[in-house]
Amino acid sequence: MRKLNPAYVDYFSEYVNSCPFFQLMSIHLDGVRYGKSYLDLEIHPKHMQPFGIIHGGVCASLVEAGVFWAVHSQIPDDVGLTTVELKLNYMAAVSAGSLRVNGDCLKVGKTLCLGQAHVTDAKGRDVAHGTATLMLLPNKPVDLPDLPRKFID
1 MRKLNPAYVD YFSEYVNSCP FFQLMSIHLD GVRYGKSYLD LEIHPKHMQP FGIIHGGVCA
61 SLVEAGVFWA VHSQIPDDVG LTTVELKLNY MAAVSAGSLR VNGDCLKVGK TLCLGQAHVT
121 DAKGRDVAHG TATLMLLPNK PVDLPDLPRK FID
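Heads up, the sequence shown is in UniProt numbering, so the first residue is 1 and it goes up one at a time.
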């Protein structure tokens with residue numbers, strides 16, 4: 001197993017947390033380890049559907065982000081990713097509080113990767129579970145100035 005460079009994780013987490021979509025959704029990338037990601041979301045009125053519970057798209061976005069960053073933690077620096085399939089199961093309705101996402105990379109193949117993510121509420125209750133398939137994009141690195149090396153070998 002490769003070891004992620006803590007300087008890379010700090011730099012990249014700050015970049016991810018400042019991206020427009022994460023800002024819009026109030027998603028926070030709380031941590032990344034090799035093959036794992038951790039995200040949080042405080043529920044706000046903007047996350048609600050008309051019946052007073054969070055919109056299913058919120059959980060879908062959280063699962064996709066959880067899988068994406070878990071897989072991203074295992075691929076080379078010069079490779080990008082895009083999601084090609086997302087499957088979800090919703091297990092509980094939530095109307096207030098916070099959500100926690102634990103993402104896991106299950107497989108990195110030659111062209112496709114598979115991961116899963118679990119969404120729980122503040123009481124630890126299962127809210128959603130999903131899997132995502134991501135396609136590797138060779139020669140599509142994240143173009144950030146002064147980005148530290150990703151791995152310490």
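Note that CB positions come from ideal geometry on N, CA and C, so glycine has one too. Since the model is a prediction, treat every value here as computed from it, not as a measurement.
- If you follow the alpha helix (DSSP H) that Gly57 is part of, which residue opens it and which one closes it? 56-72
- Compute the beta-carbon to beta-carbon distance between Ser18 and Val32, rounded to the nearest angstrom, for a pair I have assumed lies under 8 Å. Not really, about 15 Å apart at Cβ, beyond 8 Å.
- Message: Short of 6 Å in beta carbon distance, which residues of its chain neighbour Ala122, apart from the five on each side in sequence? Order them along the chain.
- Response: Gly97, Ser98
- Message: By the three-class DSSP mapping on this structure, what secondary structure does Phe51 have?
- Response: coil
- Item | Coil, strand or helix - Ala7 by DSSP | helix
- Query: Can you tell me whether DSSP reads Met91 as helix, strand or coil?
  - Reply: coil
- Item | Candidates Thr82, His47, Phe21, His44: closest to Cys113 by CA position | Thr82
- So is Gln23 buried or exposed if we call it buried at 16+ other beta carbons inside 10 Å? When all chains shown are included, Gln23 counts as exposed.
- Inter-stretch contact (C-beta, 8 Å, three-pair minimum) for the segment 83-93 and the segment 38-46: With a cut-off of 8 Å, the segment 38-46 and the segment 83-93 do not count as touching, because too few Cβ pairs lie within range.
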